[in-house]
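Taking it in order: structure first as structure tokens, then the write-up.
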Amino acid sequence: VVKGCRGVWLSVLRRRFKGLELIDSTSPRSAVDTRRNQGIITVLLKIRGDPNITTIKTRIQEDIVDKKKSDGSLVYPHLKCVLSSGWGRYGWVRGSEKDFKMDNHVTLASPYYKGRPITEANVQDYISDMISKLLSGDIPPWQVCVVPTMDKSCSYLLIRVHHLYLSEDGLALGDLLMVEADHPGSRNILAGMFTPPVVIPQVLQHIGELMSNYWNELVDLYDPVHNPKLSKAHGRRQYVTDFAVRTLIAVVTSVVESRRGRQEWTSGLPDQLEKRDLGWRYLTECLGNSLSVVNMAKVWLKFWVLVVTGPALLVVHLIRETPIYLYWLYLGHYAVQECLYLLSIVYTAPRAVFEEVFLPEYSSNGHRLQSLSVCGRNVVSWSAPVSRQLVERIGEATGATPCEVLLAATAASLRDYFEAVGFEVPGAVMTASRFLPQEQLFLSAARTPPSAGMLCLPLPTATPRSRPLRTLKALQRSLEESRSKQAALYLASVYRLDYGLFTRVLPSVLARACLYLLSRKYAVSLTEIDSTSPPLASTGTSALRRLTWGPQVEKIMYWRPPQANVCK
Numbered sequence: 064v065v066k067g068c069r070g071v072w073l074s075v076l077r078r079r080f081k082g083l084e085l086i087d088s089t090s091p092r093s094a095v096d097t098r099r100n101q102g103i104i105t106v107l108l109k110i111r112g113d114p115n116i117t118t119i120k121t122r123i124q125e126d127i128v129d130k131k132k133s134d135g136s137l138v139y140p141h142l143k144c145v146l147s148s149g150w151g152r153y154g155w156v157r158g159s160e161k162d163f164k165m166d167n168h169v170t171l172a173s174p175y176y177k178g179r180p181i182t183e184a185n186v187q188d189y190i191s192d193m194i195s196k197l198l199s200g201d202i203p204p205w206q207v208c209v210v211p212t213m214d215k216s217c218s219y220l221l222i223r224v225h226h227l228y229l230s231e232d233g234l235a236l237g238d239l240l241m242v243e244a245d246h247p248g249s250r251n252i253l254a255g256m257f258t259p260p261v262v263i264p265q266v267l268q269h270i271g272e273l274m275s276n277y278w279n280e281l282v283d284l285y286d287p288v289h290n291p292k293l294s295k296a297h298g299r300r301q302y303v304t305d306f307a308v309r310t311l312i313a314v315v316t317s318v319v320e321s322r323r324g325r326q327e328w329t330s331g332l333p334d335q336l337e338k339r340d341l342g343w344r345y346l347t348e349c350l351g352n353s354l355s356v357v358n359m360a361k362v363w364l365k366f367w368v369l370v371v372t373g374p375a376l377l378v379v380h381l382i383r384e385t386p387i388y389l390y391w392l393y394l395g396h397y398a399v400q401e402c403l404y405l406l407s408i409v410y411t412a413p414r415a416v417f418e419e420v421f422l423p424e425y426s427s428n429g430h431r432l433q434s435l436s437v438c439g440r441n442v443v444s445w446s447a448p449v450s451r452q453l454v455e456r457i458g459e460a461t462g463a464t465p466c467e468v469l470l471a472a473t474a475a476s477l478r479d480y481f482e483a484v485g486f487e488v489p490g491a492v493m494t495a496s497r498f499l500p501q502e503q504l505f506l507s508a509a510r511t512p513p514s515a516g517m518l519c520l521p522l523p524t525a526t527p528r529s530r531p532l533r534t535l536k537a538l539q540r541s542l543e544e545s546r547s548k549q550a551a552l553y554l555a556s557v558y559r560l561d562y563g564l565f566t567r568v569l570p571s572v573l574a575r576a577c578l579y580l581l582s583r584k585y586a587v588s589l590t591e592i593d594s595t596s597p598p599l600a601s602t603g604t605s606a607l608r609r610l611t612w613g614p615q616v617e618k619i620m621y622w623r624p625p626q627a628n629v630c631k
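If you want this note's numbering, it's the 1-based position in the sequence shown plus 63.
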């Protein structure tokens, strides 16, 4: 019903706004976009050296904006189009690509902020002020800005792009970042959420190989098209089994050819039957041979021989094939275990999703972040870098992973925030946590993997300041409990069946209200970005990546667009 109503509404909008190329789909992010919250994805790179703005413009123009497919059409046609909306529906302004100017999108920022040169001391305020300003609605909503600093040895590259370019045009951040990709694999916040089946794919592969071998034997023994020696002209008597197997081969061949797009299988079946001479005359001949006295006597004799010698032959066969049967018994045992594991996830999925998404949290976990107004300008900030070696040493001393150490530090920071502003410290703060490898940011659209999933993680904040180890242990218990209970929610988020379900089955107004309430419950969003590439043996850190035109990337910061009441 919702899909039909949306189709009717879209047809009305297309007649009303003929100058817009309306976007058919409604994503969760689009449902909560407002004029003050444009849904802009932001990436900040700290790079070595002073980049050449002309080189950046040329590379983006040639490699992205003007990139074409084999048929001559643009790969990303909407990068030149202005984004507008009509009655709550996004659309690209037709003809706006004629006014596109690269100078409006690749810019060089002023080296001064409030009369002072940009340094590490004030660059955060400068970047935050730039991000807080909305992108102009008169140009396509993407921007690459080079921020020079007084220290010529480094500068910043600020990239802002509307989320619709990623979801609708298939543009990946790696295309705009133009960074040479690395190699993927480490334990992150979502590690252990779901154990993918290992034995079941092996069993299916073996079954497929067996069926393929048996099928090839059938074709070789019964199909005269592939083996002309089987033609009845050679004098071999044909029976009903021959007719049945040849008919099966003809049907399967017709179905396979229809799946290749040649024609409907029912249309191609008569041709396949004719190639194998499968007509009434051949069927009558096969029936006559099968029902003859001589053939019936042979069948009766073979039956009694099998009854007498069958048990002995079965024992010999079992002894000879014992290793194979043991192997299949081993596979069957673990395949049943994996099937039960998957069935348990499917069985508990509705309850898990309902509890995590819809049920209210404990009253002890309520906090002021859920009631504070977050309207107004976006503000970003980042802390001083923390040595990776320090985090790893803490992990080795406590038996925790680097991810758990960082999450415990985040929980302690939230506790300190509540205490500093005079708010009551809650028992835990519910967060929507995701993991994004740095390598995924650098991949192009053709190589970008699916969503990495989501975890609803309560960060324990009611822990004493003087006992950081207790905070870490509480975080580990919370993380382990969430991982053990949320496999279904994790899989739903991987295949975009979680929040995306709201926009598919609910009207836009109700979907927006649901997302608003959810963002009120999960008022804090965490995105772990870490390199999964192996560290260098000499330094213990990951190798620096390099922009395609030369400069090395020292740091990368990533901000997903905030949704409704969410702080990041």
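Don't be surprised by glycine CBs; every beta carbon is placed ideally from N, CA and C. Quick caveat: nothing in here was measured; it's all calculated off a predicted structure.
Taken in chain order, the complete alpha helix (DSSP H) segments of 4 or more residues contained in the region 144 to 211 are 186 to 195. Counting C-beta atoms within 10 angstroms of its own C-beta, V128 has 16 or more neighbours from the protein chains shown and is therefore classed as buried. Going by DSSP, M620 is part of the beta strand (DSSP E) stretching over Q615 to W622.
Sorting C144, C208, E418 and I190 by C-alpha distance to the C-alpha of V169 places C208 at the top. In the three-state reduction of the DSSP assignment, F306 falls in the helix class, which pools H, G and I. Between I110 and V616, the C-beta gap is smaller than 8 angstroms, which places the two residues in contact. At least 8 angstroms separates the beta-carbon of H141 from that of P624. Residue state for Y219 is assigned as strand, using DSSP reduced to three classes.
With respect to I86, Y153 sits close: the two C-beta atoms are nearer than 8 angstroms. In the DSSP assignment, R540 falls within the alpha helix (DSSP H) that extends over P531 to K548.
Check the Cα spacing between V399 and each of R78, C217 and Q265: the tightest is with Q265. P264 is not bridged by DSSP to any residue. Between the beta-carbon of L538 and that of A471 there is about 4 angstroms, and that keeps the pair under the 8 angstroms contact cut.
Contact between L520 and S496 holds: their C-beta atoms lie close to 5 angstroms from each other, under 8 angstroms.
For R122, the uninterrupted alpha helix (DSSP H) segment begins and ends at I116 to I123. C-alpha of A475 to C-alpha of L171: approximately 38 angstroms in a straight line. Rounded to the nearest whole angstrom, the C-alpha separation of V379 and W391 is 18 angstroms. Rounded to the nearest whole angstrom, the C-alpha separation of I457 and P203 is 46 angstroms. Residue state for I104 is assigned as strand, using DSSP reduced to three classes. Segment contact: the region 186 to 200 against the region 97 to 108, three or more CB-CB distances shorter than 8 angstroms; contact assigned. Partner residues in a beta bridge of L354, as assigned by DSSP, do not exist. In its chain, beyond the 5 residues on either side, no residue has a beta carbon closer than 7 angstroms to the beta carbon of V572. By DSSP's assignment, L137 forms a beta bridge with K131. Residue state for K109 is assigned as strand, using DSSP reduced to three classes.
Minimum Cα-Cα distance from Q549 among the listed residues Y579, D479 and I408 corresponds to I408.
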